[in-house]
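Novice:
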Amino acid sequence: MSVGNSLNDAALLGCIELLTARRIGHFPKTCCSDIDFTAEQLFMLSEVRPEPSELVSEAELRAADVVRPEDVLRLNAITQDYLCKPSANVYDIEFTRFKIRDLDTDQVLFEIEKPPDSDDASEREDQPAEAARYVRYRFSEDFLHLKRVGATVEFVVGSKPINKFRMVERHFFKDRLLKSFDFEFGFCIPNSKNTCEHIYEFPHLSPDLVKEMVECPYETRSDSFYFVDDQLIMHNKADYSYDG
């Protein structure tokens, strides 16, 4: 679910004014046009599975040899550190494009893409590994009133086939769990470029909670955990402001 030029104003039309969408890592900000995909797999994904009842601590998971989806679903707070190293991504999964749209109006809110001629090796040498896994977003308050959002991601995979590719994403405001999403990507063939759209059904937020979230920028945070064959291989983090 990685900064450069400002997003094109055309991507900001509609009721949402996205003032800043900043990726700390590989993805510079840009408004991108349509591109052709090869070996494309398109999935319309939605949330599944209930929350487990037994809790687990972040320290316990960091000490575990293997972290599984059911483990991260038992966390009751945002993580303070990463639960796996970048080297755990032995499948060379790399996200290259990201788009958010309002499903009720089909309005594209923003779109970013990694330039095809970027030098990955030099970029990775110039930044800490953790920075490439961290995203910061700034939205207007109107974003909190959306009901359904589609987040389209494009990613490429390396020479190994990928079975049971799955993402668990958990959103917290301070110590409160707002929503947990669980998406199945399925099987990805080696050396393929894939596209999927995650469908986010946003929870209803009370006026008092919306006010507090606006007044506390970047206290809304998320963990995105990626699994292959039920083993954690990637962990990305993000925080959000709604005072734009």
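Anchor point for the sequence shown: position 171 equals 1146 in the numbering used here, and the numbering is continuous, going up by one each time.
Quick reminder that beta carbons are idealized off the backbone N, C-alpha and C, glycines included.
Taking only runs that begin and end inside the segment 1130-1197, name each unbroken alpha helix (DSSP H) of 4 or more residues, in chain order.
Specialist: Listed in chain order, they are 1182-1190.
Novice: Compare the C-alpha of Asn1169 against each of Asp1157, Phe1130 and Phe1085 and name the closest.
Specialist: Of Asp1157, Phe1130 and Phe1085, the residue nearest in Cα terms is Phe1130.
Novice: Quick check: what's the CA-CA separation for Lys1154 versus Val1143?
Specialist: Roughly 11 Å between the two C-alpha positions.
Novice: Can you give me the start and stop residues for the alpha helix (DSSP H) that Leu1036 sits inside?
Specialist: Counting along the chain, the alpha helix (DSSP H) containing Leu1036 begins and ends at Glu1033 to Ala1038.
Novice: Just to confirm before moving on: does the CB-CB distance between Phe1114 and Ser1032 stay below 8 Å?
Specialist: The answer is no: Cβ separation not under 8 Å.
Novice: In the DSSP assignment, find the unbroken alpha helix (DSSP H) run with Glu1045 in it and report its ends.
Specialist: Element bounds for Glu1045: Pro1044 to Val1047.
Novice: Using a Cβ-based criterion (distance less than 7 Å to any ligand heavy atom), does Arg1049 qualify as near the ligand MG?
Specialist: For the structure depicted, the ligand MG is absent and the ligand set is empty, with no information on it obtainable.
Novice: Among residues of its own chain, excluding the 5 on either side of Val1042, which ones have a beta-carbon nearer than 6 Å to its beta-carbon?
Specialist: Contacts found: Leu1036, Leu1058 and Leu1207.
Novice: Could you spell out the range, first to last residue, of the beta strand (DSSP E) harbouring Ala1122?
Specialist: Note that residue 1122 is Lys in the sequence shown, not Ala. Lys1122 -> no beta strand (DSSP E), and no H or E assigned at all.
Novice: The beta strand (DSSP E) with Thr1080 in it runs from where to where?
Specialist: From DSSP, Thr1080 is part of no beta strand (DSSP E); its letter is neither H nor E.
Novice: I'd like the span of the beta strand (DSSP E) that includes Arg1113, first residue to last.
Specialist: Segment Tyr1109 to Arg1113, the beta strand (DSSP E) holding Arg1113.
Novice: To the nearest angstrom, how far is it from the Cα of Phe1156 to the Cα of Val1124?
Specialist: Taking the straight line from one Cα to the other gives about 13 Å.
Novice: Spatial neighbours of Met1188 within its chain, please: C-beta separation below 8 Å, excluding the five flanking residues on both sides.
Specialist: Cβ within range, chain order: Leu1119, Phe1148, Leu1180, Glu1194, Thr1195 and Tyr1217.
Novice: Answer with buried or exposed for Ala1034, where buried requires no fewer than 16 other C-beta atoms within 10 angstroms of its C-beta.
Specialist: Classification for Ala1034: exposed.
Novice: For the beta strand (DSSP E) containing Gln1206, name the first residue and the last one.
Specialist: Looking at the DSSP string, the run of the beta strand (DSSP E) that includes Gln1206 is Gln1206 to Ser1216.
Novice: Buried or exposed: Ala1126, going by 16 or more other Cβ atoms within 10 Å of its Cβ?
Specialist: Looking at its Cβ environment, which holds 16 or more other Cβ atoms inside 10 Å, Ala1126 is buried.
Novice: Write down the C-beta distance between Val1132 and Pro1091 rounded to the nearest angstrom, noting that I regard them as a contact closer than 8 Å.
Specialist: In fact, because the Cβ distance is near 17 Å, the residues do not count as touching under 8 Å.
Novice: Of the residues Glu1116, Thr1054, Thr1080 and Phe1085, which one's Cα is nearest the Cα of Pro1182?
Specialist: Of the candidates Glu1116, Thr1054, Thr1080 and Phe1085, the one whose C-alpha sits nearest the C-alpha of Pro1182 is Glu1116.
Novice: Hey, Asp1204 and Lys1139 are a contact pair by Cβ (cut 8 Å); roughly how many whole angstroms apart?
Specialist: That pair is a contact at about 5 Å.
Novice: Quick check on DSSP: helix, strand or coil for Glu1086?
Specialist: Glu1086 falls in the strand class under three-state DSSP.
Novice: Quick check on Ala1106: does DSSP put it in helix, strand or coil?
Specialist: Residue state, collapsed to three classes: helix.
Novice: Please report the straight-line C-alpha distance between Ser1199 and Asp1079, rounded to a whole angstrom.
Specialist: Straight-line Cα distance between these residues: approximately 25 Å.
Novice: Identify every residue that forms a DSSP beta bridge with Val1065.
Specialist: According to DSSP, Val1065 bridges with nothing at all.
Novice: Have a look at the DSSP bridge pairing and note the partners of Val1203.
Specialist: Bridge partners of Val1203: Gln1206.
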